[in-house]
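The number in the working numbering is simply the position in the sequence shown, starting from 1, with 4 added.
Here a beta-carbon is modelled for each residue, glycine too, at the ideal position from N, C-alpha and C.
Take a look at the structure set out below.
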Amino acid sequence: PPLEVQLNVRRLRKAREGEFFGAVKGFFYNYIGICIGSVAAFLLARACGQDLVQQMTGAKFYQKYSKYLLQEKQFERIFALLIFLPVAPDDFLCYLAGISKMTVRKFAIIILLGKPLAILLYSMGVYQLLQRAWALLGS
5 PPLEVQLNVR RLRKAREGEF FGAVKGFFYN YIGICIGSVA AFLLARACGQ DLVQQMTGAK
65 FYQKYSKYLL QEKQFERIFA LLIFLPVAPD DFLCYLAGIS KMTVRKFAII ILLGKPLAIL
125 LYSMGVYQLL QRAWALLGS
């Protein structure tokens, strides 16, 4: 689906932004893009509901994590914790959060405060790996 492709393209851009813009600018571009994409996924899921979320996340992921939706506070804590991690499946979590009882305000606060550390670690790590690879290739 075109929407899924568009939202997953963000992931590919993460590595490229560190490469093209450097770690600092790459961080800011990632942060802005990820926040916009995360809110879009949340609002899309909120508007379209459970069927869309199952299609976008896949049945296995949905079954694994949807049980937490029944326990509102536990879901919010787990969601916030996972958003802080640089390897969490953010897109899927944002879709799932969209069909939870979480408010848009709480979601936005978690994304805005939770993503910087994960993006910084990811951007710096990718940038450093690319610098080392270029140094090896240049030798």
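- Scanning Asp-95, Ile-82, Tyr-35 for the CA closest to the CA of Leu-48 turns up Asp-95.
- For the 8 angstroms CB-CB criterion, Glu-76 and Lys-105 form a contact.
- The straight-line gap separating the alpha-carbon atoms of Met-60 and Gln-67 is approximately 13 angstroms.
- With 16 or more neighbouring CB atoms inside 10 Å of its own CB, Gly-102 falls in the buried class.
- The C-alpha of Ile-115 is placed about 21 angstroms away from the C-alpha of Leu-56.
- Of the residues Ala-112, Val-108, Ser-70, Ala-92, the one whose Cα lies closest to the Cα of Gln-54 is Ser-70.
- The residues Tyr-72, in chain order, have a CB closer than 8 angstroms to that of Ile-82 in the same chain once the five nearest residues on each side in sequence are set aside.
- Counting along the chain, Met-60 sits inside the alpha helix (DSSP H) bounded by residues 54-61.
- Inter-residue distance for Gly-118 and Lys-64 is about 26 angstroms (C-alpha atoms, whole angstroms).
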